[in-house]
Every structure is written in C-alpha cells, then in structure tokens.
Amino acid sequence: MAEIKLHNTKIRGEQLFTPIDPDNVRIYLCGPTVYDRAHLGNARNVIMFDVLFRLLRHEYGAGHVTYVRNFTDVDDKINARAAESGRSIAEITAETSQWYLDDMAALGTLEPTHMPRATAYIPQMVEMIADLIARGHAYAAEGHVLFSVESYKEYGALSGRSVDDMIAGARVEVAPYKRNPMDFVLWKPSSDDLPGWDSPWGRGRPGWHIECSAMSFALLGASFDIHGGGNDLMFPHHENEIAQSCCAHPEGDFAQVWMHNEMLQVEGKKMSKSLGNFFTVRDLLEQGVPGEVIRFVFLSTHYRKPMDWTEKKAAEAEAVLRKWRGMVAGVEASDVPAAVLASVANDLNTAGAIAELHRLATAGEAPALKAGAALLGLLGEDLGGWDRVAVDLSDYVTRFNETRAKAMENKDFSGVDAMKQALIAAGVEVRMSKAGVELVPGPGFDAAKLEAL
RNA sequence: GGCGAGUUGGCGGAGUGGUGACGCAGCGGAUUGCAAAUCCGUGUACAGGAGUUCGAUUCUCCUACUCGCCUCCA
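For what it's worth, the working numbering labels the leading residue of the first sequence as 2, then goes sequentially.
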C-alpha cells in the first residue's frame, strides 16, 4: 500500500491521506455549468481528479471509491443563452452535457461513479435551505433566501479571509435586503419567463452554491474525503459550500481534504471567458491534436503550478507518446512500478511520474512503462490509434528498394535521394538499413503529396 | 488594499539540508552511399539579500518580479 500524501488547502500543507472509510472512499469534483463547450482550462481539474480517482482505485480497489461530479444545469448563464438563441433550456443543457462527456472522454478520463444534475435535486436543495432557516443560518427576504455569514464563525477559513476584511475591500453590490453585505443567495425568485420551482418562498430557483451542498450530501453524506476544483472556486464557491453544508449538517464536517488546482494559462494570462482568450477542448481535437497529447501536456506540470499551454509542448508530447506507443505495442503490462506509484501518491506528482516513465523507456522496460503509464491514463487502448496512419506504403517500399538496389550498383544515388526527399516532404519517415527500407508515416503525413510519386 | 500560488540550465520541468534528475534542443562520436531512426558521450541553473547550520537550491525572514482570487469563471 502506497502512502498517499495530498496538499490540503484547509491546512495549507501536505498531509497523509487517511480515508474515513477505506471501503468507500468518497470524492467530489465541482462539475461544469452546462451552457457551452468546455474550454481547455476546464479540463485541468478533470484530468487531475481522474488521476486521483485512478490512484485511489488502485490503492483501495475499483469498487471502493465513489466519485461524484455534478452537472449544474440551472444557472443564469444558461437562461441567458436560451434567451439569446431562442432554444429551450432543456435542449441546451442536454446538448452541452453530452459535449462535455464526449470531450472529457477524448482526454481519457474515466466517468465518475455519479454525475448528478442539479435540476434533479431541487427538493433536496429546498429542504436544505428550509433547514438552514430553521437553524438560524439563513433568512427569507423579498422572495430571496440568504445565508447569514455572521451565523457561521468559520466563514472565510478556507480562503483565509475574514468577513470584515472582505467588506472593507468589497466590490459586491449590496442588495437592500441583505443583513450583511457578504450574505449570499440560497434561493431567488423567478419571473414567469425563467425556470422556477415552487418553494415555501414562492416560485424561484436556487442560488449558485447550494446545488453542490445538496448533491454531495445526498450522494456522499455529511462527511466525505476529498473535494476539489480550480483555485478560483476557493472563494466564494467552496467557502459558501462549506458554510451551507456545515451549518445544515453540524453532525458531519463536510470534506476532509480540499484540493485546488492552479489555473491554466495561455500566453501568460489566465484563460477565461471574460477575457475572450479561451479555446475549447474540441477546438484542439478538431485541429488534430490527439486527446492523449493534451492529457500528457497537462500531466507534465504539477497541478498546483500554473501551466502554460503551448504548441511546442504539444509537439514534444506527441513525439514522446509516439515513441512510447511503439515500445509498448503488443506488450502485456506488469504491475505498476513502485517509483511511479510513489510519485503519483506524493500529492499527484504526475510530472515526477513521467520522469520515471522516461527512465523505464530508456531502460527498455516496456511492461513497466505500460503499467506506469496506465496509472496516469496514458498509452491505453482507449486513447490509441492516433499514432498509426492507416495507409499501405508497401508499393513505395518495393519501388524504393528497387531504385536503391540499382543505385548501390552504379553508385548514382540521385534517384534514391529524390525519392527520399519526396517521401520526407509527404511526412514519411524513411529508414534505410542494410536489410532494406522501412517507411513510417509521421506526424505531418500527407497522402496527397505521395500522389506525385 | 486583503488573501493565495509561483520564480530551477537555451526551452520545458522534477527533486533534495551535503557527490546538482529527466525530456527537448545543442555539441562530439558510432552507424549510414548521404541521411533519418537508434545507440554512446557531453556543457550550462536553483530570482536577490539576510539568517539558522559544519554545510542550503532545499529551512526561516525580507525584497523584487510573475500569476490568480476578492465580480460569472475550473
């Protein structure tokens, strides 16, 4: 059994991971709000959690880990998208959810055990909100229900802020019905043209944070092991989740470990919708960047460090994966090598694990390479195929061999060189040896350019 | 202003209180008709300052810079 160490935002440091129940290790990842394609940054924590999921399954058994990732399918961004496109909300969320699943599958991520949709948990949210009011942690005002941050003395602990400090530098709009400017919405009224559900406070819809509290409680209980997301969710989203969950269920203590990944950057800037400098996972896939390459690039940087997406990294990753795939083809995986496991168990040090894979590759230990890569979700069947171009070059091999044989006799290699140049120009790797010629379609293979031969 | 993360060689990127990974690129060699691929070998780094220590890139403090959060955002 490997010793798993994880960085816990709650204590600002690493700690040994000890599950509440080794027979049922429970983890929760904040999933997407489904109104558009997932951008590349969205993939980072999904891949991070996928590695975590694989590690925990390896250690505790595949049947002993429960992974929940929600779909937030009620949100004002979705409403806005529906209004501007004239399409129905249901249509948008269904389509976007499927896109998300397709894109994440293309990156080799395993599906979570549960993928609850917020709209299927409205009664649980209403119940939790009513409970919070009953316990004096929330109040109804003008059709809204607000969480009273003053009622929870730990508010701000995760992100290291105090309510007073936040008010001092506040940029939040202060609604007149708020008792404290930092109070946040649990429930808000819906006009007739907006989605809404009946509730004790009138027809309305949930605020942003309550869905995660309600769904994690329903599926994982009042206490569970690990909760995660991007570090931009630390405040306010996770802070508010903690407040809601801990106040509604004081018998539990919500997530034991909080894991937050750093942001992905593009040209030194965070990729974000408001900056408009984002591109989607699908964009890259359509440009021909294999999902496995995207995954490899992500895993090359530790999750708690900023990572820049660059084409150069993608090209390097592709070259490495081609080489490794060539090595492990037809090879039976061994047990996961201890050094790889130790790296991954060390706060998901995937970059360190990849370094170990390089060592194994150099040493020619293909079975271990395959097993270690599998722990990272690499070199598997699911992500394969992209490195092999389905093209029959045997005619060219024959012609090349004939031309070369003549050249060997008369010492005039001009014909061979011309042919070689043409093949290289078409993206074919030409390997000549005494035994003969091998032609391998490479990254830039272009069948059209072969026509000229 | 408050809170947090980062700063390692040409590039990417781990790790460690004491002989400075690894990958890519570069250079030299083997191989080749020439190449490619492969193999062997090889150079350069720990933002700055102070402190703790026999010794710090690694621990502590300060400074600088970069990035993020504090508003929808992973």
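Even glycine gets a Cβ: it sits at the ideal position worked out from N, Cα and C.
When only Cα atoms are considered, Ile93 and Tyr36 end up about 6 angstroms apart. Counting only residues of its own chain and dropping the five nearest sequence neighbours on each side, Gly42 has a CB closer than 8 angstroms to the CB of Gly231, Met264, Leu265, Lys271, Met272, Ser273 and Phe279. Ranked by how close their Cα comes to the Cα of Met433, the residues Gln245, Met420, Trp259 and Ala81 have Met420 in first place. The residue among Pro182, Ala352 and Ala63 with its C-alpha nearest the C-alpha of Ile168 is Pro182. Taking 7 angstroms as the cut-off, the Cβ atoms of Glu242 and Ser214 count as close. In the same chain as Phe54, and ignoring 5 residues on each side of it, the C-beta atoms closer than 8 angstroms to its own belong to Ile28, Val66, Tyr68, Leu111 and Pro113, in chain order.
Put simply, of Val392, Ala330, Asn350 and Ala356 the residue whose alpha carbon is nearest the alpha carbon of Lys371 is Ala330. An exposed status is given to Ser86, since fewer than 16 other beta-carbon atoms sit within 10 Å of its beta-carbon. Pairing Pro442 with Gly386, the inter-Cα distance amounts to about 13 angstroms.
Setting aside the 5 residues that flank it on each side, Val294 is surrounded in the same chain by Ala315, Ala318 and Glu319, each with a C-beta closer than 6 angstroms to its C-beta; the list follows chain order. In the three-state reduction of the DSSP assignment, Glu15 falls in the strand class.
In terms of Cα proximity to Val186, the closest of Leu133, Gln288 and Ala158 is Leu133. Where Asp51 is concerned, there is no enclosing beta strand (DSSP E), although the alpha helix (DSSP H) around it starts and stops at Asn43 to Tyr61. A check of alpha carbon separations from Ala364 across Phe401, Trp325, Pro251 and Phe255 identifies Trp325 as the nearest. Within the stretch 248-275, the beta strand (DSSP E) runs of at least 3 residues that lie entirely inside it are, in chain order, 255-262 and 265-267. Going by beta carbons, Val417 and Leu376 fall outside the 7 angstroms limit. Between Met216 and Pro338, the gap from beta carbon to beta carbon reaches 7 angstroms or more.
Taking 7 angstroms as the cut-off, the beta carbon of Ala119 is found closer than this to the beta carbon of Val75.
Under the rule that a run must span 3 or more residues, the beta strand (DSSP E) segments found entirely inside the stretch 99-167 read 139-142 and 145-148. Tyr153 sits buried, since 16 or more C-beta atoms from the chains shown fall within 10 Å of its C-beta. The continuous alpha helix (DSSP H) containing Ser415 extends over residues Ser415 to Ala426.
Inclusion of Gly109 and Arg283 in the CB contact set at 7 angstroms is not warranted, their separation being larger than that value. In this structure Leu30 is buried. Its beta-carbon is surrounded by 16 or more other beta-carbon atoms within 10 angstroms. DSSP places Val294 in the helix class (H, G or I) of the three-state scheme. For Ile5, the secondary structure class from DSSP, reduced to helix, strand or coil, is coil. Within 10 angstroms of the beta-carbon of Asp24 lie fewer than 16 other beta-carbons, which makes it exposed. In this structure, DSSP gives Asp393 a state outside helix and strand, which the three-state scheme calls coil.
Closest option to Arg400, judged by alpha-carbon separation, among Leu424, Gly378, Gly381 and Glu382: Leu424.
Comparing alpha-carbon positions, the option among Val392, Arg389, Glu60 and Val52 lying closest to Pro20 turns out to be Glu60.
In this structure Ile211 is in contact with Met129, their Cβ atoms being roughly 7 angstroms apart against a cut-off of 8 angstroms. In terms of Cβ geometry, Phe72 and Gly137 do not form a close pair [threshold 7 angstroms]. DSSP places Asn350 outside both helix and strand once states are collapsed to three, so it counts as coil. With respect to Gly203, Gly144 sits close: the two C-beta atoms are nearer than 7 angstroms. The beta-carbon distance between Asp413 and Ala427, rounded to whole angstroms, is 23 angstroms. This is too long to meet the 8 angstroms contact definition. Short of 6 angstroms from the beta carbon of Asp309, and not among the five residues preceding or following it, lie these beta carbons of its own chain, in chain order: Gln266. Assignment of beta-bridge partners to Thr281 by DSSP yields His40.
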